[in-house]
Amino acid sequence: MKPSQTLVAGLLSALLLLTFLLSWHLATMPKAADQVVSDEYALLVGGAAAKGQESAFPTPAQFGDKLVEAISDPFYDNGPNDKGIGIQLGYSIWRVLVGFAAAVIVAIPLGFMIGMSPLMTKALDPFIQVLKPISPLAWMPLALFTLKDSNVSAVFVIFICSIWPMLLNTTLGVSSVRKDWLDVAKTLELNPFRKAIFVILPAAGPTIMTGIRISIGIAWLVIVAAEMLVGGTGIGYFVWNEWNNLSISNILVAVLAIGIVGMILDSLVARVQKHITYKD
Amino acid sequence: MSFLKVEKLKKIYPVRTGGQVTVFEDVDFNIEKGEFICIVGHSGCGKTTILNVLAGLETQTAGHVFMDGREISGPSLDRGVVFQTHALMPWLTVKGNVAFAVRSRYPNWTAAKINEHAMRFIDMVNLTGSEEKRPSELSGGMKQRVGIARAFAIDPKMLLLDEPFGALDALTRGSIQDELLTIVQDTGQTVFMITHDVDEAIFLADKVILMSNGPMAMIAEIVVNTLPRNRRRATLHHEPHYYPIRNHLVDFLVNRASDITNGIQERPVEPLFVSPGLSASALTTST
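Note that the protein sequences, when read in sequence, are chains R and X.
Reminder that position 52 of the first sequence reads as 52 in my numbering, one-by-one numbering, no gaps.
For any residue, its number in my numbering is found by taking its place in the second sequence, counting from 1, and adding 280.
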């Protein structure tokens, strides 16, 4: 029997991971100290320099230790500058969800209104086209100035950057509902509400979901940068704080965690998307 | 007074290059209750526009359409439409599609009653057992059957079919035509149908409206189908009236459809009724 493609792909993935870990290990191996460090200098600067040429970049084993440490106690809280990675991720996820939910609440009804009216589409298009490419971080000072609260500002930045893909996709989905279905709605004398809920929404559903999926991805990308700026809590702040501590291991743990949470968020939306998508 | 009255119907479309084109004008015809009318003509003669005006989906430039003595001014649940492209909602099951129409017609009905009503019409088009399937899982013929069930399920006073079997293969088309004829005869439904298929028109229609070519199309003739109403596909071509009617229709489409447009034939003041089948029986009795 031929092995299934999934199995082969899994083995290949494992092989790639191993190769990566091995090259990482080789690259970070402490080199033989061929450069002489004077004893006095070692005394002066302390342990770090005396260790010779060991890289500041952790070996896979050191990283593994940190990872185990982070996972085994993710929720500890020793004051503002020392919180477990779980707590920090929790703050970030919470901000993303609040900002993202607010964006959904605004973007989908607004997109519906714009999409139903070609006039509104034309009238609002220049605004959308100008606002859309603005980097979320450019909003940050304005948000801080007007909202006065760093936490609210971070949520606002998530809101403002995740609204565009949803707004545009909702508009597109709603305005391109097939004429046949609208004709059916007319011949069945549907009132505007029933038409919107039972014909336009399901017809535009897959396009709207694509927008939502793009948005949640962007929101998660942006939160890290936003939290580096606003500080205090969150995984973005954690990364910046560990940079100041020069703890590359912790940064790596955070980077991995960011990737995994992003993947989970995306797959959750993808699961909903699968239910909404129809085959024609 | 006739059940459906079409008076001096005219449609003008703007042309993209400027100006306008009269697709058809002076279209007059009546449909009696329980009649099956087919309209035949070349592309561009405005058949679909006429059907859309009857459905209330398009507005005419001039003229009037009355159904049951009241002017048609928009879409209505009184007229069920079967669309050329079936227009099923792909996110609903077969039963969901039919039930959606039933719920629109009878908003006060309970779910159980809607379900039962929908199932009756799904059964009528022989789709029982497929009611939980989605349109994407159905063949073209089955999709069109769902479209027919949906149109019948709202108990319309009149059924409008826009070339519903055009995309189907000959065998499927034949069996759906059989089903449609049986259902229409059982329910006494009034039907207006567009077709390109002469045999389909002869098999189904009581009268066949022949449109001259567009632009400025109009009704050239109304052919009365004198074949017995309990006609059957298997024996249809043995009926003495069959070939004279068929030849007349084909002759019209091939040779005479452009006569009015080209001025060879005068524009008829009122629709000309012809019964080619009767002349045939006169012929057969004389020999």
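Glycine residues also receive a C-beta, built at the ideal position from the N, C-alpha and C atoms.
Asked                                                                                                                  : Found
Given A154 (chain R) as reference, the closest of R:A254, R:L44 and R:P141 once Cα atoms are compared                  : R:P141
Complete runs of the beta strand (DSSP E) confined to the segment 480-523 of chain X [at least 3 residues]             : 487-491 and 499-504
Buried or exposed (CB count within 10 angstroms, at least 16 for buried), Y522 (chain X)                               : buried
Whole-number beta carbon distance between P136 (chain R) and I160 (chain R), since they are thought to touch under 8 Å : 7 Å
Interface residues of the segment 186-200 of chain R facing chain X [CB-CB below 9 Å]                                  : K186, T187, L188, E189, L190, R194, F198 and V199
Residues within the segment 414-433 of chain X neighbouring chain B, beta-carbon criterion of under 9 Å                : The question asks about chain B, but that chain is absent: this structure's protein chains are R and X.
Buried or exposed by the 16-neighbour rule on C-beta atoms within 10 Å, applied to S72 (chain R)                       : exposed
Nearest-angstrom Cβ-Cβ length linking T288 (chain R) and Q88 (chain R), presumed shorter than 8 Å                      : The structure shown has nothing for residue 288 (chain R), since chain R only spans 1 to 280.
Short Cβ contact (9 Å threshold) for L439 (chain X) with V333 (chain X)                                                : no
T467 (chain X) and F283 (chain X) closer than 9 Å at C-beta                                                            : no
Assigned secondary structure, A203 (chain R) (DSSP; H/G/I helix, E/B strand, else coil)                                : helix
Minimum length 4: unbroken alpha helix (DSSP H) runs contained in the segment 164-189 of chain R                       : 179-187
Cross-chain neighbours of P355 (chain X) in chain R, by beta carbon under 7 Å                                          : K186, T187 and E189
Cβ pair I540 (chain X), N505 (chain X) closer than 9 Å                                                                 : no
Minimum Cβ-Cβ distance from R296 (chain X) to chain R less than 9 Å                                                    : no
is_contact[S410 (chain X), chain R] using C-beta, thresh 9 Å                                                           : no
Interface partners of A335 (chain X) on chain R, CB under 9 Å                                                          : D183, K186 and T187
Proximity test, Cβ basis, 9 Å: M281 (chain X) and chain R                                                              : no
Beta-bridge partners of F472 (chain X), as assigned by DSSP                                                            : X:I317 and X:L440
C-beta neighbour in chain X for K279 (chain R), strict 9 Å                                                             : yes
Neighbour flag for P118 (chain R) against chain X, beta carbons, 9 Å                                                   : no
Expected contact under 8 Å - CB spacing of V503 (chain X) and L490 (chain X) to nearest Å                              : 6 Å
Whole-angstrom distance between V230 (chain R) and N151 (chain R), CA atom to CA atom                                  : 7 Å
K288 (chain X) and E315 (chain X) closer than 9 Å at C-beta                                                            : no
Pairwise C-alpha distance: L265 (chain R) and N406 (chain X)                                                           : 45 Å
Contact under 9 Å by Cβ, K285 (chain X) with E338 (chain X)                                                            : no
Test: F380 (chain X) CB closer than 9 Å to a CB of chain R                                                             : yes
Residue from X:E443, X:S538 and X:L507 with nearest C-alpha to C229 (chain X)                                          : In this structure chain X extends from 281 to 567, so residue 229 (chain X) is not present and cannot be described.
Residues that D180 (chain R) contacts on chain X, provided the C-beta gap is smaller than 7 Å                          : F363, T365 and A367
Where R194 (chain R) sits in the DSSP three-state scheme                                                               : helix
Reduced DSSP secondary structure (H/G/I, E/B, other) of G299 (chain X)                                                 : coil
Where N395 (chain X) falls: helix, strand or coil (DSSP)                                                               : helix
Contact set for Y293 (chain X): own chain, Cβ-Cβ below 7 Å, skip 5 residues either direction                           : Q300, V301 and V303
I93 (chain R): first and last residue of the uninterrupted alpha helix (DSSP H) it sits in                             : I85 to M116
Any C-beta of chain X under 9 Å from that of A270 (chain R)                                                            : no
Element boundaries [alpha helix (DSSP H), containing V255 (chain R)]                                                   : I248 to I276
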